[in-house]
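Trainee: Note that the protein sequences, when read in sequence, are chains L and V.
Residue numbering for the first sequence follows the working numbering, beginning at 78 and increasing consecutively.
Residue numbering for the second sequence follows the working numbering, beginning at 31 and increasing consecutively.
No residue lacks a Cβ here, since even glycine has one placed at the ideal position from N, Cα and C.
Predicted model, so just to flag it, every value in this text is computed and none were measured.
The structure under discussion is supplied below as structure tokens; questions concerning it will follow.
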Amino acid sequence: MSILRTEQLTRNYGRRIGIQGVDLEIGAGEVFGFLGPNGAGKTTTIRLLMGFLQPDAGRASILGLDCWRQSALLKRDVGYLPGDLRLYPWLTARKALHVFGKVRGVDLTNAGRELAERFRLEFDVRVQKMSRGMRQKLGLILAMAHRPQLLVLDEPTSGLDPLMQEELARSVRELAAAGHTVFFSSHTLSEVENLCDRVAIVREGRIIADERLETLRGRARRSVQLVFADQQSADAIAWPSFLHVVERDGLRCRCELEGPTAPLVQWASGQLLADITISPPDLESVFHKYYQSLPETP
Amino acid sequence: MRGLWLKTWYEVWLMTLLFGCALLGFSALLTYVIPRMQEGMLEIIERMPFVKPFFTAMLGTELGDQINARMLQAFLWVHPTILALVWAHAIVFCTRLPAGEIDRGTIDVLLGLPVSRRAVYYGEVIAWLVAGLVILLLGFAGHCLTAGSTPAPMRPPLSREMLVLGNLYCVYLAVGGLAFFVSSLSDRRGRAMAVAFAIVLSSFLLNFVAQFWAPARKFACLGVMEYYRPAQILQSNVLPTADVAILLSVAAVAVVLGGEVAARRSICTV
Numbered sequence: 078m079s080i081l082r083t084e085q086l087t088r089n090y091g092r093r094i095g096i097q098g099v100d101l102e103i104g105a106g107e108v109f110g111f112l113g114p115n116g117a118g119k120t121t122t123i124r125l126l127m128g129f130l131q132p133d134a135g136r137a138s139i140l141g142l143d144c145w146r147q148s149a150l151l152k153r154d155v156g157y158l159p160g161d162l163r164l165y166p167w168l169t170a171r172k173a174l175h176v177f178g179k180v181r182g183v184d185l186t187n188a189g190r191e192l193a194e195r196f197r198l199e200f201d202v203r204v205q206k207m208s209r210g211m212r213q214k215l216g217l218i219l220a221m222a223h224r225p226q227l228l229v230l231d232e233p234t235s236g237l238d239p240l241m242q243e244e245l246a247r248s249v250r251e252l253a254a255a256g257h258t259v260f261f262s263s264h265t266l267s268e269v270e271n272l273c274d275r276v277a278i279v280r281e282g283r284i285i286a287d288e289r290l291e292t293l294r295g296r297a298r299r300s301v302q303l304v305f306a307d308q309q310s311a312d313a314i315a316w317p318s319f320l321h322v323v324e325r326d327g328l329r330c331r332c333e334l335e336g337p338t339a340p341l342v343q344w345a346s347g348q349l350l351a352d353i354t355i356s357p358p359d360l361e362s363v364f365h366k367y368y369q370s371l372p373e374t375p
Numbered sequence: 031m032r033g034l035w036l037k038t039w040y041e042v043w044l045m046t047l048l049f050g051c052a053l054l055g056f057s058a059l060l061t062y063v064i065p066r067m068q069e070g071m072l073e074i075i076e077r078m079p080f081v082k083p084f085f086t087a088m089l090g091t092e093l094g095d096q097i098n099a100r101m102l103q104a105f106l107w108v109h110p111t112i113l114a115l116v117w118a119h120a121i122v123f124c125t126r127l128p129a130g131e132i133d134r135g136t137i138d139v140l141l142g143l144p145v146s147r148r149a150v151y152y153g154e155v156i157a158w159l160v161a162g163l164v165i166l167l168l169g170f171a172g173h174c175l176t177a178g179s180t181p182a183p184m185r186p187p188l189s190r191e192m193l194v195l196g197n198l199y200c201v202y203l204a205v206g207g208l209a210f211f212v213s214s215l216s217d218r219r220g221r222a223m224a225v226a227f228a229i230v231l232s233s234f235l236l237n238f239v240a241q242f243w244a245p246a247r248k249f250a251c252l253g254v255m256e257y258y259r260p261a262q263i264l265q266s267n268v269l270p271t272a273d274v275a276i277l278l279s280v281a282a283v284a285v286v287l288g289g290e291v292a293a294r295r296s297i298c299t300v
């Protein structure tokens with residue numbers, strides 16, 4: 078069953094393109110990475126999903142409910158952390174859980190306290206005295222305390238230290254394991270690489286890739302560094318088709334491997350090499366390619 | 031809805047208390063001072079007859095040849111300080127949503143909750159109605175504090191004063207309703223406040239201009255003071271129902287229109 082679905086979702090800001098014909102479908106228990114550079118349309122998509130913006134064309138639904146017309150109803154089962162989080166300056170975690178709990182009609186105190194302990198957030202500090210990281214933690218707690226079926230996180234790690242980023246990743250994994258769905262927007266690959274099952278890449282308002290992370294990994298090239306034993310063997314080398322030379326510097330040569338590692342190992346065993354280093358698949362290069370080399374949209 | 035009111039209460043109690051205390055203080059002071067200025071006022075009007083239209087515009091009634099004691103009491107309810115405080119509270123309160131929430135970026139968190147925009151909006155409207163009542167009652171309490179120092183013949187009956195208070199509340203509602211409507215069209219609170227204030231001030235000035243310049247009289251009906259008649263009420267003990275109905279209609283139409291705009295518009299904080 079799909080938890081979130083968009084069909085040809087389009088929204089422009091006057092002449093400026095917001096998003097164009099975005100199609101997404103996310104199932105239950107999935108952690109979905111939504112990647113793109115700044116200004117690509119990630120936040121616009123999220124604002125359409127949250128019912129803040131009315132689509133110019135197409136439609137979006139969450140849990141079968143229309144994101145614009147039934148926005149209030151669907152948010153019972155949605156937790157949302159805005160990209161540029163602003164909280165009321167008078168709020169403390171305690172007051173926030175009390176007020177938000179009253180609005181949601183559930184007691185969020187215990188769940189909120191547990192999350193506050195996990196994220197190491199003091200309960201009675203006012204927002205106006207909080208650091209950016211603390212505010213972000215409070216935003217996360219408010220988004221997660223009611224254990225929503227869909228958690229929408231717009232660049233959630235900004236302001237968090239590495240330990241808290243890891244804690245967030247753990248929380249997200251736990252939610253997904255319990256069947257909850259997470260929509261994780263980010264502009265950095267490393268954040269979603271270890272967390273998401275599937276990734277969509279958005280560029281200039283259009284989805285240019287929507288694939289499982291494993292598929293992308295399979296497509297990614299490995300970086301291979303060869304060090305030849307002597308100049309003669311370096312000069313006499315016959316390069317196989319799966320290896321592309323990127324850079325040569327004397328006996329040292331940096332290449333990119335296309336495809337699996339077995340043919341490389343077999344080929345290398347017949348060469349006179351002093352050293353060989355094979356790095357893991359470089360997803361970053363795939364994303365850079367998507368970001369940079371796509372032809373301009375008309 | 032209770033959660034929304036709780037949030038609004040946390041945000042507005044101090045502001046409302048401050049406005050209420052200011053009204054209490056000023057109305058107490060003016061109630062004490064105004065009876066002691068009667069002779070001075072009559073002298074001013076005698077020496078400078080052009081001042082009379084100003085008073086007429088403010089009091090919403092013709093002064094005639096003499097300012098009597100009752101009419102003098104009406105000056106409390108049209109004093110610029112009192113009116114400025116009442117209007118300022120209405121404008122400051124009613125531009126909090128949606129313009130204020132969008133401006134400070136908190137609307138994302140607010141609308142991330144399972145509440146409709148209409149519920150958020152009308153929750154705020156109800157809180158505003160109560161807050162307006164509170165500040166006006168505090169102002170009236172201030173008046174009562176020093177009313178004992180006023181000579182007995184000058185003291186209007188309580189029932190007439192309550193009618194004036196009711197008329198003033200209707201003015202408050204009309205100004206607030208207008209501010210809600212302007213706020214619902216805006217993303218910036220400062221701009222919404224400036225526009226609402228400019229409209230109210232223009233309508234206030236229109237009343238004065240109409241006293242001196244005949245062509246402006248055609249548009250006097252657009253002035254808010256045209257429908258606020260404390261002197262007439264204090265003299266006749268009759269609520270100007272037509273004026274009150276107009277003020278309430280303006281408030282209701284503006285609030286409902288504002289609510290519809292707020293519910294249907296796209297909200298962009300970036």
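Here's a check: name, in chain order, each residue in its chain whose Cβ is nearer than 8 Å to the Cβ of L/Leu215, leaving out the five neighbours to either side.
Mentor: Numbered from 1 along the first sequence, position 138 holds the residue referred to as residue 215 of chain L. Around L/Leu215: Leu164, Leu168, Ala170, Ala173, Leu198, Val204 and Met207.
Trainee: With a threshold of 7 Å between beta carbons, is V/Val286 in contact with chain A?
Mentor: Chain labels in this structure do not include chain A; the protein chains are L and V.
Trainee: My guess is that V/Gln241 and V/Thr86 are in contact by the Cβ rule of under 8 Å, so how many angstroms apart are they, rounded?
Mentor: By one-based count along the second sequence, residue 241 of chain V stands at place 211. By one-based count along the second sequence, residue 86 of chain V stands at place 56. Their Cβ separation, rounded to whole angstroms, is 6 Å, which keeps V/Gln241 and V/Thr86 in contact under 8 Å.
Trainee: Which residue comes first and which comes last in the beta strand (DSSP E) that contains L/Asp96?
Mentor: For the purposes of this step, residue 96 of chain L is taken as the residue at position 19 of the first sequence. Just to set this straight, residue 96 of chain L is Ile in the shown sequence, not Asp. Per DSSP, L/Ile96 belongs to the beta strand (DSSP E) from Arg93 to Gly104.
Trainee: At which residues does the alpha helix (DSSP H) containing V/Phe84 begin and terminate?
Mentor: Here the question's residue 84 of chain V lines up with position 54 in the second sequence. That run of the alpha helix (DSSP H) goes Lys82 to Leu89.
Trainee: Contact check, L/Leu140 vs L/Gln85 under 8 Å by CB: the rounded distance?
Mentor: As a first step, residue 140 of chain L must be located in the first sequence, where it is residue number 63. As a first step, residue 85 of chain L must be located in the first sequence, where it is residue number 8. No, L/Leu140 and L/Gln85 are not in contact; Cβ-Cβ is about 20 Å, not under 8 Å.
Trainee: If you run the structure through DSSP and keep just helix, strand and coil, what is L/Glu373?
Mentor: On the first sequence, position 296 is the one that residue 373 of chain L refers to. The pLDDT assigned to L/Glu373 is 48, lower than 50, so where the model puts this residue is not dependable; a value taken from the coordinates is nonetheless given after this. Three-state result, L/Glu373: coil.
Trainee: At a CB-CB cut-off below 7 Å, which residues of chain L make contact with V/Cys251?
Mentor: Sequence index remark: in the second sequence, residue 251 of chain V carries index 221 (1-based). Neighbours of V/Cys251 on chain L: none; closest Cβ ~37 Å, over 7 Å.
Trainee: Where does L/Arg203 fall in DSSP's three states?
Mentor: By 1-based counting over the first sequence, the position of residue 203 of chain L is 126. Correct three-state label for L/Arg203: coil.
Trainee: Helix, strand or coil for V/Gly135, going by three-state DSSP, please let me know.
Mentor: For the purposes of this step, residue 135 of chain V is identified with residue 105 of the second sequence, where counting begins at 1. If DSSP states are grouped into helix, strand and coil, V/Gly135 belongs with coil.
Trainee: Ordered along the chain, which non-local residues of its own chain (more than five positions away) have a Cβ less than 7 Å from that of V/Phe84?
Mentor: Within the second sequence, the letter at position 54 stands for residue 84 of chain V. Hits under 7 Å: Phe238.
Trainee: With DSSP as the reference, label V/Pro245 as helix, strand or coil.
Mentor: The residue you call residue 245 of chain V lines up with position 215 of the second sequence. In this structure, V/Pro245 counts as helix in the three-state DSSP scheme.
Trainee: With a cut-off of 8 Å, do at least 3 Cβ pairs link the segment 274-289 of chain V to the segment 135-155 of chain V?
Mentor: The segment 274-289 of chain V is in contact with the segment 135-155 of chain V.
Trainee: For L/Arg299, I'd like the list of residues in its chain whose CB is within less than 6 Å of its CB, leaving aside the five on either flank, ordered along the chain.
Mentor: In the first sequence, counting from the first residue as 1, residue 299 of chain L sits at position 222. Answer for L/Arg299: Leu334, Ile355, Ser356 and Pro358, listed in chain order.
Trainee: By Cβ distance, which residues of its chain are closer than 7 Å to L/Tyr368, with the 5 residues on each side in sequence left out?
Mentor: The residue given as residue 368 of chain L occupies position 291 in the first sequence. So the list reads Pro114 and Arg280, once near-sequence residues are dropped.
Trainee: Might you give, ordered along the chain, the residues of its own chain that have their beta carbon closer than 7 Å to the beta carbon of V/Leu195, omitting 5 neighbours on each side?
Mentor: Sequence index remark: in the second sequence, residue 195 of chain V carries index 165 (1-based). Within the same chain, V/Leu195 has close Cβ partners Leu166 and Phe170.
Trainee: DSSP state of V/Asn267, grouped into three classes?
Mentor: The residue given as residue 267 of chain V occupies position 237 in the second sequence. In this structure, V/Asn267 counts as coil in the three-state DSSP scheme.
Trainee: With 16 as the cutoff for other CB atoms within 10 Å, does V/Glu191 come out buried or exposed?
Mentor: Translated into positions along the second sequence, residue 191 of chain V becomes position 161. Per the 10 Å Cβ criterion, buried.
Trainee: Given a limit of 9 Å on CB to CB distance, which residues of the segment 139-154 of chain L reach chain V?
Mentor: If the cut-off is 9 Å between Cβ atoms, the segment 139-154 of chain L has Ser148, Ala149, Leu150, Leu151, Lys152, Arg153 and Asp154 near chain V.
Trainee: What does DSSP give as the partner residues of L/Asn89 in its beta bridges?
Mentor: Walking along the first sequence from the start, residue 89 of chain L turns up at place 12. Partner(s): L/Ile94.
Trainee: Could you tell me the distance, in whole angstroms, from the CA atom of L/Val202 to the CA atom of L/Arg82?
Mentor: Position 125 of the first sequence, counted from the first residue, corresponds to residue 202 of chain L. Position 5 of the first sequence, counted from the first residue, corresponds to residue 82 of chain L. Going from the Cα of L/Val202 to the Cα of L/Arg82 covers about 39 Å.
Trainee: Starting from the Cα of V/Val63, find the closest Cα among V/Leu193, V/Leu102 and V/Asp133 and give me that residue.
Mentor: Residue numbering aside, residue 63 of chain V sits at position 33 when the second sequence is read from its first letter. Taking only the C-alpha atoms, the option nearest V/Val63 is V/Leu102.
Trainee: Are the Cβ atoms of L/Arg88 and L/Leu126 separated by less than 7 Å?
Mentor: Numbered from 1 along the first sequence, position 11 holds the residue referred to as residue 88 of chain L. Numbered from 1 along the first sequence, position 49 holds the residue referred to as residue 126 of chain L. Against a cut-off of 7 Å, the Cβ pair of L/Leu126 and L/Arg88 comes out as no contact.
Trainee: Among residues of its own chain, excluding the 5 on either side of L/Gly23, which ones have a beta-carbon nearer than 7 Å to its beta-carbon?
Mentor: Examination of residue 23 of chain L is not possible in this model, given that chain L is present from 78 through 375 alone.
Trainee: Along the chain, where does the beta strand (DSSP E) that runs through V/Val145 open and close?
Mentor: Residue 145 of chain V sits at position 115 when you count from the first residue of the second sequence. Here V/Val145 belongs to no beta strand (DSSP E), and DSSP marks it neither H nor E.
Trainee: Report, in whole angstroms, the separation of the C-beta atoms of V/Val164 and V/Gly50, which I expect to be a contact under 8 Å.
Mentor: Numbered from its first residue, the second sequence carries residue 164 of chain V at position 134. Numbered from its first residue, the second sequence carries residue 50 of chain V at position 20. Yes, V/Val164 and V/Gly50 are in contact; Cβ-Cβ is about 6 Å, under 8 Å.
Trainee: I need the boundaries of the beta strand (DSSP E) containing L/Ala286, first residue and last residue.
Mentor: Within the first sequence, the letter at position 209 stands for residue 286 of chain L. Looking at the DSSP string, the run of the beta strand (DSSP E) that includes L/Ala286 is Arg283 to Arg289.
Trainee: Return the Cβ separation of V/Ala293 and V/Asp217 in integer angstroms, given the expectation that the two are a contact with Cβ distance under 8 Å.
Mentor: For the purposes of this step, residue 293 of chain V is identified with residue 263 of the second sequence, where counting begins at 1. For the purposes of this step, residue 217 of chain V is identified with residue 187 of the second sequence, where counting begins at 1. The Cβ separation is near 16 Å, so there is no contact.
Trainee: Just curious, the alpha helix (DSSP H) that V/Cys124 is in, first and last residue?
Mentor: The residue labelled residue 124 of chain V in the question sits at position 94 within the second sequence. Counting along the chain, the alpha helix (DSSP H) containing V/Cys124 begins and ends at Pro110 to Cys124.
Trainee: Inspect the CB distances between the segment 257-275 of chain L and the segment 184-196 of chain L and report whether three or more fall short of 8 Å.
Mentor: Taking 8 Å as the limit for Cβ pairs, the verdict is that the segment 184-196 of chain L does not touch the segment 257-275 of chain L.
Trainee: Between the Cα of L/Arg247 and the Cα atoms of L/Arg195, L/Ile314 and L/Gln348, which residue gives the shortest distance?
Mentor: To locate residue 247 of chain L, count along the first sequence from 1; it is residue 170. Nearest C-alpha to L/Arg247: L/Arg195.
Trainee: Would you mind working out which of L/Ser267, L/Leu272, L/Leu290 and L/Ala313 sits nearest L/Glu251, comparing C-alpha positions?
Mentor: On the first sequence, position 174 is the one that residue 251 of chain L refers to. For the residues L/Ser267, L/Leu272, L/Leu290 and L/Ala313, the minimum Cα distance to L/Glu251 belongs to L/Leu272.
Trainee: Apart from the five residues just before and just after V/Leu236, which ones in its own chain have a Cβ nearer than 7 Å to its Cβ?
Mentor: Working through the second sequence from its first residue, we reach residue 236 of chain V at position 206. So the list reads Ala246, Phe249, Ala250, Leu252 and Gly253, once near-sequence residues are dropped.
Trainee: Can you tell me whether V/Ala272 is buried or exposed, with buried defined as 16 or more other CB within 10 angstroms of its CB?
Mentor: Reading the second sequence from its first residue, position 242 is the one you call residue 272 of chain V. Exposed, because fewer than 16 other Cβ atoms sit within 10 Å of the Cβ of V/Ala272.
Trainee: Does any residue of chain V bring its CB to less than 7 Å from the CB of L/Val183?
Mentor: The residue labelled residue 183 of chain L in the question sits at position 106 within the first sequence. No, no contact with chain V.
Trainee: Could you give the distance in angstroms between the alpha-carbon of V/Trp35 and the alpha-carbon of V/Val42?
Mentor: Against the second sequence, residue 35 of chain V aligns to sequence position 5. Against the second sequence, residue 42 of chain V aligns to sequence position 12. Looking at the two C-alpha atoms, the distance is approximately 10 Å.
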